[in-house]
Amino acid sequence: EMPNTNEFFKVNQLKYRKKMIKFARSRIHGWGLYAMEPIAPDDMIVEYIGQKIRPLVADVREVNYTRKGIGSSYLFRIDDTCVIDATKMGNFARFINHSCQPNCYARIVTVEGEKRIVIYSKNLIKKGDEITYDYKFPIEDDKIDCLCGAPNCRGTLN
Amino acid sequence: WSAFAPDFTELDENVKYVEKEGEFDLQDE
Amino acid sequence: TVTLSPNDRAFQLRLMEDQLTVTGNEGYCVARGTHGVMKGTWYYEVHFQKQPSDSHIRIGWSQRHSPVQACVGYTKFSYGWRSLKGTKFHDSYGAKYFQGGFKEGDVLGCLIHLPWNQFRPG
């Protein structure tokens, strides 16, 4: 976590970097985000934006989403007091697919006392590569198959 | 891309959710 | 002396000096007493002092395992009674209980009766 101000400027640059990535069909699952130009390692790509809710409200929503057949994998736990829910509102970071061998990672960044989720590139990303990160879902009984196709794929998301 | 998320609202920043009174209720006679 | 617990409560609640007055806002969360009971019949009273417009409270009885980051009556470990329409709640299910509910200025009583069975202690 980097509380310093230049992080703040970088996080705000996020809004202007959207052109770097495009939304298109994914071979992993449905739709995904792709790099429109080479991206250097540890570069900020996009902030994962949604509704800030309490974890127990997220639990209640997860039950309701599952009951309505809506995937509940747009819930991103920040810490034990806050979850970001991008199911009904947020930005297109919600479309980034999971991979067991990702080229990005998610980091919690504290900006002006507020924790935010930012997706960074892990290594050099070539133009046309799909942006992926490891969702790090908690282990659960009813499994969600992983379709990332990576050689070391774990087989399930949770 | 919002075409693929029905009744989806695009946000520029995280929005703090204001909870309803019945937020935790499964059923309320 | 029984007071509201400075520890067994949601961190976002404000507890006054006397530890007998608690204020909350935004979403439902819980403050529990410093002492629990496990047999016999017990009763406490709440003076409902302030109710900003469109706000409500729930009071009741809860075991220690019921989460404090939700309302009393959310799980099967607690029983709540709501100011809005006087509904009673247990395990997130609301049922008719006391027509009309209660409001600011009321004094409310909560009684629990735990019959003691020496063959099934605890």
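Going down the list, the protein sequences come from chains A, B and C. Note that my numbering numbers the first sequence so that position 62 is 62, with each residue one more than the last. Each position in the second sequence, counted from 1, maps to that position plus 158 in my numbering. Each position in the third sequence, counted from 1, maps to that position plus 187 in my numbering. Glycine is no exception: its CB is placed at the ideal position from the N, C-alpha and C atoms.
Beta-bridge partners assigned by DSSP to residue 31 of chain A: A:25. For residue 263 of chain C, there are no neighbours in chain B by C-beta distance under 7 Å, as the nearest C-beta there is about 12 Å away. Per DSSP, residue 57 of chain A is one residue of the alpha helix (DSSP H) stretching across 55-68. DSSP, reduced to helix, strand and coil, places residue 94 of chain A within a helical segment of the structure shown. Each of C:224, C:276, C:225 was checked against the Cα of residue 247 of chain C, and the nearest Cα belongs to C:276. Proximity of residue 61 of chain A to chain C, defined by a Cβ-Cβ separation below 8 Å, is not satisfied. Among the residues of the segment 202-219 of chain C, those with a Cβ less than 7 Å away from any Cβ of chain A are 214, in the order of the chain. Under the three-state reduction of DSSP, residue 203 of chain C is assigned to coil, being neither helix nor strand.
Taken atom to atom, the span from the alpha-carbon of residue 145 of chain A to that of residue 78 of chain A is near 24 Å.
The Cβ neighbour count for residue 103 of chain A, taken over all protein chains shown within 10 Å, is at least 16; the residue is labelled buried. Per DSSP, the beta bridge partners of residue 89 of chain A are B:167. At least 8 Å separates the beta-carbon of residue 301 of chain C from that of residue 235 of chain C. Under the DSSP assignment, residue 44 of chain A falls in the beta strand (DSSP E) whose first and last residues are 44-48. As DSSP reads the structure, residue 282 of chain C sits in a beta bridge with C:275. Per DSSP, residue 300 of chain C is one residue of the beta strand (DSSP E) stretching across 294-301. Note on geometry: alpha-carbon atoms of residue 120 of chain A and residue 65 of chain A lie some 29 Å from one another. The beta carbons of residue 174 of chain B and residue 52 of chain A sit closer together than 8 Å.
Contacts with chain C (Cβ-Cβ distance below 9 Å) from the segment 27-39 of chain A involve no residue at all.
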